[in-house]
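Numbering-wise (the numbering used here), the sequence shown opens with residue 5 and increments by one.
Every residue gets a Cβ at the ideal spot worked out from N, C-alpha and C, and that includes glycine.
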Amino acid sequence: MPLFWRIFLLNAVVLVAAAALLLGPITVSTPILLAEAAILTGGLAAMLVANALLLRLALAPLRRLTRAMTTTDLLRPGRRPAVSGHGEIAGLITTFNTMLDRLEDERATSSARALSAQEAERRRIAQELHDEVGQTLTAVLLELKRVADHAPSDVRAELRQVQETTRGSLDEIRRIARRLRPGVLDELGLASALRSLTTEFAGPGLTVGHRLDAELPALRHETELVLYRVAQEGLTNTARHADAHHAELTLRTTANGVELLLRDDGRGLGDAPEGAGIRGMRERAVLIGADLALGAGPGGGTELRLTVPVPDRSGRP
Numbered sequence: 005m006p007l008f009w010r011i012f013l014l015n016a017v018v019l020v021a022a023a024a025l026l027l028g029p030i031t032v033s034t035p036i037l038l039a040e041a042a043i044l045t046g047g048l049a050a051m052l053v054a055n056a057l058l059l060r061l062a063l064a065p066l067r068r069l070t071r072a073m074t075t076t077d078l079l080r081p082g083r084r085p086a087v088s089g090h091g092e093i094a095g096l097i098t099t100f101n102t103m104l105d106r107l108e109d110e111r112a113t114s115s116a117r118a119l120s121a122q123e124a125e126r127r128r129i130a131q132e133l134h135d136e137v138g139q140t141l142t143a144v145l146l147e148l149k150r151v152a153d154h155a156p157s158d159v160r161a162e163l164r165q166v167q168e169t170t171r172g173s174l175d176e177i178r179r180i181a182r183r184l185r186p187g188v189l190d191e192l193g194l195a196s197a198l199r200s201l202t203t204e205f206a207g208p209g210l211t212v213g214h215r216l217d218a219e220l221p222a223l224r225h226e227t228e229l230v231l232y233r234v235a236q237e238g239l240t241n242t243a244r245h246a247d248a249h250h251a252e253l254t255l256r257t258t259a260n261g262v263e264l265l266l267r268d269d270g271r272g273l274g275d276a277p278e279g280a281g282i283r284g285m286r287e288r289a290v291l292i293g294a295d296l297a298l299g300a301g302p303g304g305g306t307e308l309r310l311t312v313p314v315p316d317r318s319g320r321p
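Here you go:
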């Protein structure tokens with residue numbers, strides 16, 4: 005039973021018992037007058053209503069705190085219930101907010117470690133694909149060419165087909181390695197990396213446009229990497245699940261910082277729950293203090309918006 009009803013019913017029992025005593029063995033006059041009974045009944049009703057209103061007002065901060073507890077998500081930080089009420093209730097809300105601050109800091113620290121380890125593992129796998137598998141397939145291609153040049157004409161065509169298959173596999177491995185380790189991000193910068201990313205995802209059934217500001221404020225390497233990975237995951241979702249024909253990637257400077265915007269004309273999110281990809285994007289956004297919004301676009305489809313606060317020259321965001 006909720007705390008409100010427990011307190012209210014306890015008070016109601018006391019008040020009803022007092023009224024029963026006044027109407028029973030303890031009376032103002034004998035026999036009891038109808039006017040006295042009406043006054044006592046009206047007084048009891050007034051006391052019960054006043055008691056209910058006072059309890060509602062006193063326990064309202066607890067109800068707000070309960071709603072905050074059920075809706076809190078560490079991947080959407082910064083939301084706090086307002087400290088209200090008096091005494092123990094205000095102290096309870098303050099303690100809850102302090103606990104959220106600690107949990108969000110611990111979550112950000114653990115996410116930073118996990119994402120750093122993930123990027124290191126991606127670099128290692130990409131390096132091994134490039135150095136080991138890539139070089140092996142390159143050697144196979146050269147050997148196939150040498151054998152095909154000396155093979156009889158009836159076998160040569162089959163060897164050429166094997167060459168093309170091997171060359172396609174080598175291109176696919178190089179593409180996977182580029183996705184695992186965006187070397188163009190380190191070498192040419194964020195704008196060039198995003199431009200290359202849109203070209204990579206464009207295909208026969210999907211056109212991907214881009215609008216990238218030429219002048220961007222100085223960003224940390226971690227911030228650029230998060231912007232790139234969020235754009236990569238968003239385009240991956242568009243290509244695989246959105247059933248879209250056109251997508252537009254925008255990177256621009258706003259009054260709030262740097263904004264990455266991805267829109268498509270697909271079927272939208274609907275009622276589908278957030279998967280691991282979207283939660284991964286939220287974790288990356290939390291890592292750099294960015295705000296990630298995902299919903300329906302103005303003309304339908306899906307809109308992904310990542311806003312990264314950029315500190316000014318004084319160091320303030």
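Among the bridge pairs identified by DSSP, Val-212 is matched with Ala-251. In the three-state scheme derived from DSSP, where H, G and I count as helix and E and B as strand, Asp-269 is classed as coil. In this structure, the beta-carbon distance from Leu-264 to Leu-298 does not fall below 8 angstroms. Along the segment 161 to 229, the alpha helix (DSSP H) occurs as fully enclosed runs of 4 or more residues at 187 to 192, 194 to 205, listed in sequence order. Secondary structure at Arg-127: helix, using DSSP grouped into helix, strand and coil.
Within the model, the alpha-carbon separation for Ile-93 versus Pro-277 is close to 35 angstroms. Contact check for Leu-216 against Leu-184 fails: the beta carbons are separated by 8 angstroms or more. Using a Cβ distance threshold of 8 angstroms, Gln-131 and Leu-145 do not count as a contacting pair. Judged by DSSP secondary structure, Thr-311 falls within the beta strand (DSSP E) whose first and last residues are 306 to 312. DSSP, reduced to helix, strand and coil, places Pro-85 outside both helices and strands of the structure shown, so it counts as coil. By the Cβ-count criterion, Glu-147 is exposed, with fewer than 16 other Cβ atoms from all chains shown falling within 10 Å of its own Cβ.
Within 10 angstroms of the beta-carbon of Ala-21 lie fewer than 16 other beta-carbons, which makes it exposed. Under the 10 Å beta carbon count, Gly-91 is surrounded by fewer than 16 other beta carbons and is classified as exposed. DSSP places Leu-296 inside the beta strand (DSSP E), whose first and last residues are 295 to 300. Bounds of any alpha helix (DSSP H) do not take in Leu-133, whose DSSP letter is neither H nor E.
The way I'd put it, the segment 111 to 122 does touch the segment 280 to 292; three or more beta-carbon pairs between them come closer than 8 angstroms. Between the alpha carbons of Asp-247 and Arg-271 lies a gap of roughly 6 angstroms. Of the residues assessed, Thr-98 falls on the exposed side of the cut-off, its CB having fewer than 16 other CB atoms within 10 angstroms. Around Ile-11, the same chain offers Leu-59 as residues with beta carbons nearer than 7 angstroms, after the five sequence neighbours per side are excluded. A contact is defined here as three or more CB-CB pairs under 8 angstroms, and the segment 185 to 194 fails this definition with respect to the segment 146 to 161.
Annotated three-state conformation of Thr-76 is coil, per DSSP. In this structure, Ala-197 and Pro-186 form a Cβ contact; the two beta carbons are roughly 5 angstroms apart against a cut-off of 8 angstroms. Following the DSSP letters along the chain, one finds Gly-284 inside the alpha helix (DSSP H) bounded by residues 280 to 291. One thing to note: Leu-57 has its Cβ no nearer than 8 angstroms to the Cβ of Ala-16.
When the alpha-carbon of Arg-84 is set against those of Asp-105, Arg-67, Leu-231, the nearest one is in Asp-105. When the five nearest sequence neighbours on each side are left out, the beta carbons in the same chain lying within less than 8 angstroms of the beta carbon of Leu-273 are those of Leu-298, Gly-299, Ala-300, Thr-306, in order along the chain. Collapsing the DSSP output to three states places Gly-238 in a helix. For a cut-off of 8 angstroms, the C-beta gap from Leu-163 to Ala-152 is around 4 angstroms, short enough to register as a contact. The beta carbon of Ile-282 is closer than 7 angstroms to those of Leu-298 in its chain, skipping five residues each way along the sequence. For Gly-261, the three-state secondary structure derived from DSSP is strand. Distances from the alpha-carbon of Phe-205 to those of Leu-229, Arg-179, Leu-66, Gly-172 put Arg-179 closest.
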